[in-house]
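Under mature numbering (1 follows the signal peptide of the UniProt record, and there is no 0), residues -27 to -1, 1 to 421 are what the sequence shown spells out, in order.
Accompanying notes for the structure given below.
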Amino acid sequence: MRLNKLVRLCAGTGVLCWSASASLVQAENLLELYQSALQSDPRLGSATYDHAAGAEVVTQAWAGYRPVITLDYDSIDTTQDILRSDNAAFEQGSTTFPTTSWTLSVTQPIFRWANYKRIGQAKDELLQADAELVQAEQDLILRVSGAYLTALSAADELGFLDAERSAVAKQLELARGREQASIGRAVDRYDAEARMASVEADYAVAEVALRDSYEALYEMAGRDPEVLATLQDDIDLQPPQPADDQYWITAAMKNNPALVVQRHVVSVSRTEISRQNAGHFPTLDAVLRQNNRDTQGTLFGGGSEVETQELMLRLSVPIYAGGSVSSKKREAVARYQSSEQELTRLLRESRRQSRDAYWGVMNAVKRTQALNKAVTAQQATLDLRRAAYKSRLETAISVLDAERDLYSAKRDLAQAKYDYLLNSLRLKALVGVLTQDDLNLVNDWLQG
């Protein structure tokens, strides 16, 4: 793994600077990692196989109304010993003879209510499987994007801390020099040393966060990523269109993939009640049976070969099954009610999440505009305080605070951009329209 390269950072402005060997490695972008995840992500792979399994339920359901054909074959060796007989001709004797028998049975269901309801239920299950796969595909886009942006944010954090550490080191060197020249105060040196220790502690935490963010990418892509392409400084942040939260809430409550899945779950559960109630209904089958029995011989006469054909209607009327039918129906009703409650929960959650994502985008636009001004103002403040410190008009702690405020503003600005991108993708996922095209748009805003 190349994470040792990732922690060699210098970022006076929060931009990653790589060692000479790392700079030769071409940066990977979001789309490349997504393509790897499409092939390697276990969660998507599991969903794909689940979908393939779910596609079989309709065939299995129709099988309940198709004929069942069986062929049974028996080969029997019989040994007979006469122990007593009232027939003088067969007073004693012993023999062994073979018998072969085969039976061909064809059973055609005519009325089986449970099987009939199962066909419609299976169609709903197939639609549910389709919706679950769509949900898994959109979830992968969100997970890869979220992990990628988290990694960029962690790298930014490390870069800003490295830049702050360099600035504090210069301030500490200046304070020591002034103290040794008897023109500075010891408290200025102590302030700088304390701030340096604080930055070092934050840096250690940021290193762990960066490594963990790359591990998250490995979980999906199945490989260790190289240097990541970073976000451009100037990206066009626009509000969602239309800029109306009610539009997005309504769309989410109708088309949210999780809701689409759950609506099919409710439909399947509703049908299950009727299917279990069918345990009280009779069944009617048509049965065709053909039997051939060939016996070679017995003590009581010669051999025989008999062929029999039977055609019948078989009516089966359930009377009592120990209470299992009623119990299963009560179970189905309870599960249906549970699925309805889960649908209600998801509807309310979708309303909250869509509103949160919408206002997350809107607020990120406003925050970015405000934080751009804050960074400019904090830089000017820092420059003035550094000049004032050299003229003994400011203390060292005021300079250190200005440095921290500057890098905090830069950090918040970068995070606001990441929040904008992630909330934009979340909003589209919540209304069920997130596609790779949206990922391509984000990828176009990367550099490196």
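Just so you know, even glycine gets a beta-carbon here, dropped at the ideal spot from N, CA and C.
Closest to residue i by C-alpha separation, out of the options, would be which residue?
i, options, result
"residue 86", "115, 35, 327", "35"
"residue 294", "253, 181, 184, 268", "253"
"residue 137", "381, 241, 300, 321", "381"
"residue 403", "132, 150, 231", "231"
"residue 73", "328, 9, 368, 266", "266"
"residue 378", "153, 356, 397", "356"
"residue 284", "47, 78, 25, 48", "78"
"residue 210", "243, 395, 18, 309", "395"
"residue 441", "269, 10, 178", "With the chain represented from -27 up to 421, any question about residue 441 goes unanswered, as that position is not in the structure."
"residue 124", "204, 18, 90", "204"
"residue 311", "163, 146, 241", "241"
"residue 199", "264, 27, -2, 414", "-2"
"residue 282", "75, 40, 69", "75"
"residue 303", "245, 360, 330, 181", "245"
"residue 107", "16, 369, 417", "16"
"residue 39", "243, 47, 259", "259"
"residue 390", "155, 111, 207", "207"
"residue 331", "300, 184, 224, 196", "224"
"residue 195", "416, 7, 352, 415", "7"
"residue 182", "132, 268, 410", "132"
"residue 358", "347, 343, 374", "374"
Just to confirm, are residue i and residue j a CB contact at a threshold of 8 Å?
i, j, result
"residue 313", "residue 234", "no"
"residue 4", "residue 412", "yes"
"residue 319", "residue 1", "no"
"residue 71", "residue 54", "no"
"residue 257", "residue 83", "yes"
"residue 248", "residue 94", "yes"
"residue 20", "residue 109", "yes"
"residue 398", "residue 114", "yes"
"residue 424", "residue 406", "Within the shown structure, residues of the chain are numbered from -27 to 421, placing residue 424 beyond reach of any answer."
"residue 90", "residue 251", "yes"
"residue 255", "residue 298", "no"
"residue 140", "residue 376", "yes"
"residue 164", "residue 387", "no"
"residue 226", "residue 117", "no"
"residue 215", "residue 334", "no"
Let me know the secondary structure DSSP gives residue i once reduced to three states.
i, result
"residue 156", "coil"
"residue 298", "helix"
"residue 38", "coil"
"residue 29", "coil"
"residue 323", "helix"
"residue -7", "Its pLDDT being 39, under 50, residue -7 is placed unreliably by the model, and the measurement read from it follows with that caveat. Three-state DSSP puts residue -7 in a helix."
"residue 379", "helix"
"residue 141", "helix"
"residue 364", "coil"
"residue 412", "helix"
"residue 290", "coil"
"residue 318", "helix"
"residue 254", "coil"
"residue 121", "helix"
"residue 279", "strand"
"residue 79", "strand"
"residue 103", "helix"
"residue 85", "coil"
"residue 310", "helix"
"residue -20", "In this prediction, residue -20 scores a pLDDT of 46, lower than 50, which makes its location untrustworthy; the coordinate-derived value is nonetheless stated afterwards. Reduced to three states, the DSSP call for residue -20 is coil."
"residue 336", "helix"
"residue 222", "helix"
Rounded to the nearest angstrom, how far is the Cβ of residue i from that of residue j, given a contact under 8 Å?
i, j, result
"residue 385", "residue 337", "Wrong, their Cβ atoms sit about 11 Å apart, outside the cutoff."
"residue 175", "residue 102", "That pair is no contact at about 47 Å."
"residue 158", "residue 222", "Incorrect: roughly 59 Å between the Cβ atoms, too far for contact."
"residue 328", "residue 218", "6 Å"
"residue 186", "residue 120", "7 Å"
"residue 428", "residue 80", "The displayed coordinates of the chain run from -27 to 421. Any statement about residue 428 would go beyond what the structure contains."
"residue 99", "residue 28", "6 Å"
"residue 236", "residue 316", "7 Å"
"residue 148", "residue 369", "5 Å"
"residue 172", "residue 134", "6 Å"
On the CB-based measure, 16 or more other CB atoms within 10 Å of its CB, does residue i come out buried or exposed?
i, result
"residue 341", "buried"
"residue 326", "buried"
"residue 363", "exposed"
"residue 279", "exposed"
"residue 276", "exposed"
"residue -4", "Residue confidence is low: residue -4 scores 49 on pLDDT, short of 50, so the model does not pin down where it sits. Its coordinate-derived value is still stated next. Classification of residue -4: exposed, given that the 10 Å Cβ count is below 16."
"residue 360", "exposed"
"residue 309", "buried"
"residue 350", "exposed"
"residue -7", "A caution first: residue -7 carries a pLDDT of 39, below 50, which makes its placement in the model too unreliable to give a value."
Counting only beta-carbon separations shorter than 8 Å, does residue i have a partner in chain B?
i, result
"residue 303", "Given the protein chain composition of this structure (a single chain), no chain B is represented."
Could you tell me whether any non-hydrogen atom of the ligand SAM is closer than 7 Å to the CB of residue i?
i, result
"residue 262", "The ligand SAM is not part of the structure shown, which contains no ligands of any sort."
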